[in-house]
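For the sequence shown, the UniProt record's numbering begins at 1 and goes up steadily by one.
For each residue, glycine too, the CB sits at the ideal point set by N, CA and C.
Quick caveat: nothing in here was measured; it's all calculated off a predicted structure.
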Amino acid sequence: MELINKNKYQLIKKNIQVLTKCCICGCIASGFIYYNVMCCDGCKHFFRRCLIAKELFKCKFDGNCEIMNVSNKCKGCRFDKCILMGMNKQKLRNSKQSKSIWEIRSVIEQRLGELALRGKYVEKRNENIANIEIIVGYKMFLNILCI
Numbered sequence: 001m002e003l004i005n006k007n008k009y010q011l012i013k014k015n016i017q018v019l020t021k022c023c024i025c026g027c028i029a030s031g032f033i034y035y036n037v038m039c040c041d042g043c044k045h046f047f048r049r050c051l052i053a054k055e056l057f058k059c060k061f062d063g064n065c066e067i068m069n070v071s072n073k074c075k076g077c078r079f080d081k082c083i084l085m086g087m088n089k090q091k092l093r094n095s096k097q098s099k100s101i102w103e104i105r106s107v108i109e110q111r112l113g114e115l116a117l118r119g120k121y122v123e124k125r126n127e128n129i130a131n132i133e134i135i136v137g138y139k140m141f142l143n144i145l146c147i
């Protein structure tokens, strides 16, 4: 009986996606941490494309566009929020198309300096808290399954 329960638990674990929100846009996140933050696939790929394609967008307005739950997101404000939420360029795998790590670091540090002048700073996130949020969400889902 124990073996059956263990296999059932492993099967459930493989098929569960924890429903958490992307800290960038508010959409449903995949339940995994990418580039050091909990985010959706869209924001994960957006951040990667920005760094690889050398496209660092600037906001055409005041730099305070609404990003949460908006389908037509300002690319400049979205990129800024990625940086401010702590997306880490060092988690980007090297590819032949990407800038060197030093170029990426200097570009992001420059953007962080611009944001700091406007009173915006990187949100300090404790990675353990993000992991606890995932575990708590997973346990809540299991409790619902068992009812």
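**First through last residue of the alpha helix (DSSP H) which encompasses F61** = Counted from its first residue, the sequence shown places residue 61 at position 61. Looking at the DSSP string, F61 is not in any alpha helix (DSSP H), and its letter there is neither H nor E.
**Message:** On the criterion of 16 or more Cβ atoms from any shown chain inside 10 Å, does F32 qualify as buried, or is it exposed?
**Reply:** Working through the sequence shown from its first residue, we reach residue 32 at position 32. Exposed, because fewer than 16 other Cβ atoms sit within 10 Å of the Cβ of F32.
**Request:** Out of G42, C74, D80, R118, state which residue places its alpha-carbon closest to the alpha-carbon of V107.
**Result:** Residue 107 sits at position 107 when you count from the first residue of the sequence shown. The shortest Cα separation from V107 among G42, C74, D80, R118 belongs to D80.
**Request:** Inspect the beta-carbon positions of N36 and M87 and report whether they are closer than 8 Å.
**Result:** In the sequence shown, residue 36 corresponds to position 36, counting from 1. In the sequence shown, residue 87 corresponds to position 87, counting from 1. The answer is yes: Cβ separation under 8 Å.
**Request:** With a 10 Å radius around its C-beta and 16 neighbouring C-beta atoms as the bar for buried, classify C40 as buried or exposed.
**Result:** Residue mapping note: residue 40 aligns to position 40 of the sequence shown, counting from 1. Per the 10 Å Cβ criterion, buried.
**Request:** Would you mind working out which of K75, L112, C59 sits nearest G42, comparing C-alpha positions?
**Result:** By 1-based counting over the sequence shown, the position of residue 42 is 42. For G42, the nearest C-alpha among the options comes from K75.
**Prompt:** Near C59, what residues of its chain come up, given a Cβ to Cβ distance below 8 Å and the 5 sequence neighbours on each side ignored?
**Reply:** Walking along the sequence shown from the start, residue 59 turns up at place 59. Excluding residues within five positions, the ones whose Cβ falls inside 8 Å are C65, C74, G76, C77, D80.
**Pick from L115, I28, K21 that is closest to L84, judged by C-alpha positions** = Counted from its first residue, the sequence shown places residue 84 at position 84. It is L115 whose Cα lies nearest to the Cα of L84.
**Prompt:** Is DSSP giving K21 helix, strand or coil here?
**Reply:** On the sequence shown, position 21 is the one that residue 21 refers to. Three-state DSSP puts K21 in a strand.
**Prompt:** Does the distance from the CB of L56 to the CB of R111 come in under 8 Å?
**Reply:** If you number the sequence shown from 1, residue 56 lands on position 56. If you number the sequence shown from 1, residue 111 lands on position 111. Yes.
**Prompt:** Would you say K21 touches the ligand FMN, meaning its beta carbon is less than 7 Å from a heavy atom?
**Reply:** Only the bare structure without any ligand can be found here, which leaves the ligand FMN out of the picture.
**Message:** Using a Cβ-Cβ cutoff of less than 8 Å, which residues in the same chain neighbour I28 once the five nearest sequence positions on both sides are dropped?
**Reply:** Looking up residue 28 in the sequence shown gives position 28. Only L19, T20, K21, C22, C40 meet the Cβ criterion.
**Message:** Need the endpoints of the alpha helix (DSSP H) that R48 sits in, please.
**Reply:** Within the sequence shown, numbered from 1, the residue matching residue 48 stands at position 48. First-last of the alpha helix (DSSP H) with R48: 41-52.
**Asked** Roughly how many angstroms lie between the CA atoms of R118 and F46, to the nearest whole one?
**Response** Position 118 of the sequence shown holds residue 118. Position 46 of the sequence shown holds residue 46. Taking the straight line joining both Cα atoms gives about 23 Å.
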